[in-house]
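Report on the structure given below.
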Amino acid sequence: MVSVEGYTFDRQKLTVPLHLQHMIPVDTHGAMQRIRTTAMVALHHLKLIEKLHRKRHQAMCPRSLIEHYNLHVESVERLFNWKSSPKSHDSSLTPVSKISRDVLHFHINQHAYDAYARSYTATLEMYISGPYKEWLDAKRNFEKRMANAGLSEKDYHEWQKWWTTVFLAEMAKWENQLPKLALPSWEEAIDEIHQVFLERVEPGTFPEFYISSDVQVHGV
Numbered sequence: 267m268v269s270v271e272g273y274t275f276d277r278q279k280l281t282v283p284l285h286l287q288h289m290i291p292v293d294t295h296g297a298m299q300r301i302r303t304t305a306m307v308a309l310h311h312l313k314l315i316e317k318l319h320r321k322r323h324q325a326m327c328p329r330s331l332i333e334h335y336n337l338h339v340e341s342v343e344r345l346f347n348w349k350s351s352p353k354s355h356d357s358s359l360t361p362v363s364k365i366s367r368d369v370l371h372f373h374i375n376q377h378a379y380d381a382y383a384r385s386y387t388a389t390l391e392m393y394i395s396g397p398y399k400e401w402l403d404a405k406r407n408f409e410k411r412m413a414n415a416g417l418s419e420k421d422y423h424e425w426q427k428w429w430t431t432v433f434l435a436e437m438a439k440w441e442n443q444l445p446k447l448a449l450p451s452w453e454e455a456i457d458e459i460h461q462v463f464l465e466r467v468e469p470g471t472f473p474e475f476y477i478s479s480d481v482q483v484h485g486v
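Numbering (our numbering), first residue to last: 267 to 486.
Following this line, the structure appears as structure tokens:
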């Protein structure tokens, strides 16, 4: 199985069950293999894009400002990795304390985020027109071949049941992630951090979350 944030993909469900394998015409075996190959390639690239998408808050600080960048990344990771309660289910354990605002140092710059957004968008578009399209084309080609394979109504119904409820249902787990990979605007990305800040950082008066288009340093 392949575990990705939010879903678990089971590769075993890509294998046609033994009792259905005889239904696939010999000249269609290559098309079935291409489906499995393109699906795994598409999933692999999707995981890479998901990782890149999760780096959006770190990308708000220019890498050229090494000291500030390291502080910013450390603060983002501390903020988003915070858990409200211990991993143990022991109710007697003391809840985890909120983060002290003194250890958080955010340094944000719109130019840095815009550059990241352009690169990310180009990568996502290449994925959709490349590996993802290849998977869709392979799927359509195989479905067309099976529809014209001359199977009996009973066999075709049995095949379609597995194809839709097992194989395609497993594919849907990662395909459904695509709409979630749209990148938030600069203002929306700031708001994401701000909302999590309010939830996870010790209460108290803190300065406004400034928006800058210049290479400047701002703290929250």
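No residue lacks a Cβ here, since even glycine has one placed at the ideal position from N, Cα and C.
Mapping DSSP to helix, strand and coil, what is residue i?
i, result
"residue 274", "strand"
"residue 282", "coil"
"residue 289", "coil"
"residue 439", "helix"
"residue 319", "helix"
"residue 308", "helix"
"residue 329", "coil"
"residue 297", "helix"
"residue 455", "helix"
"residue 449", "coil"
One question on the structure: do residue i and residue j come within less than 8 Å of each other, judged by their Cβ atoms?
i, j, result
"residue 329", "residue 449", "no"
"residue 297", "residue 384", "no"
"residue 364", "residue 468", "yes"
"residue 421", "residue 289", "yes"
"residue 316", "residue 402", "no"
"residue 435", "residue 382", "no"
"residue 318", "residue 462", "no"
According to DSSP, which residues form a beta bridge with residue i?
i, result
"residue 467", "365"
Would you kindly report the start and end of the unbroken alpha helix (DSSP H) that includes residue i?
i, result
"residue 426", "419–428"
**Prompt:** What beta strand (DSSP E) runs, 3 residues minimum, are completely inside the segment 332–416?
**Reply:** none
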